[in-house]
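Visitor: In our numbering, the protein residues as written are 1068 to 1721.
Take this structure, written in structure tokens, and hold onto it; I'll ask about it next.
Here you go:
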């Protein structure tokens, strides 16, 4: 046990003599590389950073002028504000929809009436003209009662049973409908103008690429943030270089850069929660195809058509007044002929015809009638016939005189013009489909149902990217001060010192490793117990042999090299066998305890100990030769101190 302890003390003393030469040479070599450009700023960043933003991705943002905002976001905000300015109030929309609901129920009827109107107009105007002509014909037949068919036509003529003026008044309802439609829609004309402009805005939004550009901007920013999301500091490497005066300021700026990148990333994801609903809304937004504004433009055009049609209707009604006045005399004639029909006057016609031949030119019609023996039988019938024939001539003359005052061609043209205007109005309103137009009234509310202001956070991200790029350029262009012109060791020799020091550390800790293995008794009775004991005994034997070959006093690196070359170093140790068994059979805390010890065992590279110590010695000698004190007397005094008490000044044993 004493031998193990002594070996540990001796190796610890050797390690103490070497001090921090490994760290010192690393720092000097590092300083030399920075001073001479062998290690660039980007090389150093690559050593201390985990990940690094792609400068090429950031180049695009440098070209963006965001002093007045981002173009796409400015356009979106402008369009949104313009749409809000054209917004139709809830009350106005309700008013439009109510009118559409009322008009929708009669639109088909109106369309049908418009289609039938030309035929109706002809049907109603023709009888008015024919009536006047027929009055003249009947008047002639009355004085020349020689043709029985003429009498029959007189008693059956439909013209006296038809009231064209009544039908014309029905046709005039088209004018009333046109006036009502124009009045109703005319009141809504300002609202239609707003809706038309609103629909044009929506058409521009649908047919343009603004939404796609905004979405592409957001996706591009997200991709850039994804490229920066894994930037971090390699703590061990940063700790290794941070204390070096040549790099400390640069590494401080590198740390600031990393913190800023992470802040930009965090801020982006935090702000994304505010603007991502807008992007989701754009993804789901569906705007109907085709022209959206045409229907409201049509309604405005229709509302501008003439609406004072009732005045024109009154005018041609006045022109038809004679026809209305003639109805009085016509009705008397109609009553008289109805009476003749009721007494079967047509059956008496032939008898009457024989009698009337005796009267020249029918000058005494009344006498001829009274001579008929049939009428002598009933005085009342005779009186009515006498009175009727006596007055009929006057009635015919009166009717003919009144109707002659009417210019039927002029009246017909006036009626046609007025009803054509009404037809034009109704046809105009029938051009738009009310169900489709109704669905557009609320479309602006649906399309612009978002607030573009949260998208300003995208600009904040762009600003952050610009700063990240600026910081990267500053780090890339960083010039290190020339603090060390020359350094005698190359990188391989510097690494040799570190590896040699590691060998000494492992040898120094062998006794501790053996103690750990003694405390771990969980492998007793297992199939790897023998292997475990073999490894432990090999380490114990190595420590004993080293203690025998190292002097109790004045042990130095040369003694250790000699001892390592003399002793039998362990080989073919079944460490891997134990590792496999532990991984397969142990769990939890026990597994963790064995794993730590086994990892230390696996790191023991006995086969290369001798060569590593030789390289360590050579590199130290080379370094010491160029770093020995300038005062020889002081050097002799240092050597004496080392021989006597191995003080902290004994750093480089030769």
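For glycine and all other residues, C-beta sits at the position ideal for the given N, C-alpha and C.
Note that this is a predicted model, so its numbers are computed, not measured.
Using the C-alpha atoms, what's the distance from residue 1351 back to residue 1159?
Guide: 28 Å
Visitor: Using 9 Å as the threshold, is the C-beta distance between residue 1488 and residue 1366 below it?
Guide: no
Visitor: Identify the continuous alpha helix (DSSP H) that holds residue 1402 and give its terminal residues.
Guide: The continuous alpha helix (DSSP H) containing residue 1402 extends over residues 1388-1409.
Visitor: If contacts are defined as beta-carbon pairs under 8 Å, then residue 1588 and residue 1077 qualify, I think. What distance do you get, rounded to the angstrom?
Guide: Not confirmed; about 30 Å, so no contact.
Visitor: Three or more C-beta pairs closer than 8 Å, one from the region 1242-1254 and one from the region 1103-1117: is that the case here?
Guide: Because the criterion of three Cβ pairs below 8 Å is not met, the region 1242-1254 and the region 1103-1117 do not touch.
Visitor: Round the Cβ separation of residue 1299 and residue 1117 to the nearest angstrom and send it over; I've been treating them as touching at under 8 Å.
Guide: 4 Å
Visitor: Since I believe residue 1660 is in contact with residue 1634 (beta carbons under 8 Å), could you give me their beta-carbon distance rounded to a whole number of angstroms?
Guide: About 30 Å separates the two Cβ atoms, so there is no contact after all.
Visitor: With a threshold of 8 Å, are at least 3 pairs of Cβ atoms found where one atom belongs to the region 1575-1593 and the other to the region 1624-1643?
Guide: no
Visitor: Thinking C-alpha only, which one of 1527, 1500, 1322, 1502 is nearest residue 1133?
Guide: It is 1527.
Visitor: Using the three-state DSSP reduction, which class does residue 1136 fall into: helix, strand or coil?
Guide: If DSSP states are grouped into helix, strand and coil, residue 1136 belongs with the strands.
Visitor: If distances are taken between C-alpha atoms only, which option among 1646, 1553, 1615 comes closest to residue 1598?
Guide: 1646
Visitor: For the 8 Å Cβ check, are there 3 or more pairs between the region 1498-1510 and the region 1315-1328?
Guide: no
Visitor: Which of the three DSSP states, helix, strand or coil, is assigned to residue 1269?
Guide: helix
Visitor: Bridge partners for residue 1299 per DSSP, in chain order?
Guide: 1117
Visitor: Are the CB atoms of residue 1496 and residue 1248 nearer to each other than 9 Å?
Guide: yes
Visitor: Does DSSP classify residue 1531 as helix, strand or coil?
Guide: It is helical.
Visitor: Excluding the five sequence neighbours on either side, which residues of its own chain have a C-beta within less than 8 Å of the C-beta of residue 1297, listed in chain order?
Guide: 1117, 1118
Visitor: I need the DSSP call for residue 1086, collapsed to helix, strand or coil.
Guide: coil
Visitor: What are the boundary residues of the alpha helix (DSSP H) that residue 1602 is part of?
Guide: 1596-1616
Visitor: Of all the options 1092, 1099, 1074, which has the alpha carbon lying nearest to the alpha carbon of residue 1553?
Guide: Among 1092, 1099, 1074, the Cα nearest to that of residue 1553 belongs to 1099.
Visitor: Of the choices 1301, 1334, 1686, 1371, whose alpha-carbon is the least far from that of residue 1564?
Guide: 1686
Visitor: Tell me the residue span of the alpha helix (DSSP H) that contains residue 1520.
Guide: It is not in any alpha helix (DSSP H) - residue 1520 carries neither H nor E in the DSSP assignment.
Visitor: Which complete alpha helix (DSSP H) runs does the region 1236-1263 hold, if anything under 4 residues is left out?
Guide: Under the rule that a run must span 4 or more residues, the alpha helix (DSSP H) segments found entirely inside the region 1236-1263 read 1240-1254.
Visitor: Please classify residue 1084: is it buried, with 16 or more other beta-carbons within 10 angstroms of its beta-carbon, or exposed?
Guide: buried
Visitor: Could you compute how far the alpha carbon of residue 1476 sits from the alpha carbon of residue 1398?
Guide: 25 Å
Visitor: Could you tell me the alpha carbon to alpha carbon distance between residue 1361 and residue 1275, rounded to whole angstroms?
Guide: Between the C-alpha atoms of residue 1361 and residue 1275 there is a straight-line separation of about 19 Å.
Visitor: With residue 1693 and residue 1108 assumed to form a contact (beta carbons below 8 Å), what rounded beta-carbon distance in angstroms separates them?
Guide: Incorrect: roughly 28 Å between the Cβ atoms, too far for contact.
Visitor: Can you tell which of 1466, 1484, 1394, 1539 has its C-alpha closest to the C-alpha of residue 1121?
Guide: 1539
Visitor: Taking just the CA atoms, how far does residue 1145 sit from residue 1244?
Guide: 43 Å
Visitor: Using CA coordinates, which residue listed in 1556, 1281, 1518, 1567 is at the minimum distance from residue 1138?
Guide: 1281
Visitor: Below 8 Å on the Cβ atoms is my guess for residue 1519 versus residue 1258; work out the distance and round it to an integer in Å.
Guide: Their Cβ separation, rounded to whole angstroms, is 25 Å, which puts residue 1519 and residue 1258 out of contact at 8 Å.
Visitor: Please say whether residue 1510 and residue 1269 have beta carbons closer to each other than 9 Å?
Guide: yes
Visitor: Could you tell me which of 1246, 1515, 1590 sits nearest to residue 1148, measuring between CA atoms?
Guide: 1515
Visitor: Quick one: grab the DSSP three-state call for residue 1502.
Guide: helix
Visitor: Taking only the alpha-carbon atoms, compute the straight-line gap between residue 1681 and residue 1628 and give it to the nearest angstrom.
Guide: 7 Å
Visitor: State the start and end residues of the unbroken alpha helix (DSSP H) segment that holds residue 1619.
Guide: For residue 1619, there is no enclosing alpha helix (DSSP H), as DSSP marks it with neither H nor E.
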